[in-house]
Amino acid sequence: RTMRMTVGDFVSLYKTGGPVHQQFDAIVTCFFIDTCDDLLDYIQTLDQLLAPGGVWVNLGPLNYKNNVRLKLAWSEIEQVFEQMGYEFTQSERVHTAYHLKPGIKLYTEQYDAVLTTAIKRKTP
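So this is what it looks like as structure tokens:
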């Protein structure tokens, strides 16, 4: 088994026909879904990358950029994936923070994020 990390535009690189497109048995996205310019492009590309029976694990908030065309709530994103044939086996809210021990750093960022696991079924 291998792990792949690639620098560049996710959709351009990994979409079907992209230079590094392939299928994976598992995909982990961490603080990623909300970085898109077009959420539907991300969803479609993730779906194309994950093999049937594959597992998608996601952790992150929905802190969209201002220029995103479509901003869905997490429950709406889950519905889109379920309509595409995904089964969510875990979905919970978690509190995450980027910070050092109290008193060391003056600025901290904290997020209420979602931690989910979904299996891609063969047909919706």
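Taking the working numbering, I'd label the letters of the sequence shown as residues 1 to 124. Positions of the beta carbon are idealized from the N, C-alpha and C atoms, including for glycine. Fair warning: this is a prediction, and the values are worked out from it, not measured in the lab.
What is the DSSP secondary structure of residue i, reduced to helix, strand or coil?
i, result
"Phe31", "coil"
"Ile119", "strand"
"Val57", "strand"
"Tyr98", "strand"
"Leu40", "helix"
"Leu49", "helix"
When the Cα of residue i is compared with those of the options, which residue comes out closest?
i, options, result
"Val68", "Leu62, Phe32, Leu39 and Gly54", "Leu39"
"Gly54", "Ala97, Gln23 and Gln110", "Gln23"
"Ala113", "Phe10, Gly8, Thr29 and Tyr86", "Thr29"
"Leu115", "Gly18, Phe31, His21 and Met3", "Phe31"
"Leu70", "Ala97, Pro52, Ile33 and Asp47", "Ile33"
"Lys122", "Met3, Val94 and Leu50", "Leu50"
"Asn66", "Thr35, Phe88 and Asp25", "Thr35"
Which value, in whole angstroms, describes the spacing of the CA atoms of residue i and residue j?
i, j, result
"Trp56", "Lys105", "34 Å"
"Ser12", "Thr108", "33 Å"
"Asp37", "Thr117", "23 Å"
"Ile119", "Lys15", "20 Å"
"Gln48", "Gly17", "10 Å"
"Phe88", "Tyr111", "22 Å"
"Gly8", "Asp25", "22 Å"
Let me check one thing: in DSSP terms, what residues is residue i bridge-paired to?
i, result
"Phe88", "Ala118"
"Gln110", "Ala97"
Looking at the unbroken alpha helix (DSSP H) that takes in residue i, where does it start and where does it end?
i, result
"Val20", "Premise fails: Val20 is in no alpha helix (DSSP H) and is neither H nor E."
"Val80", "Trp74 to Gln83"
"Val11", "Phe10 to Tyr14"
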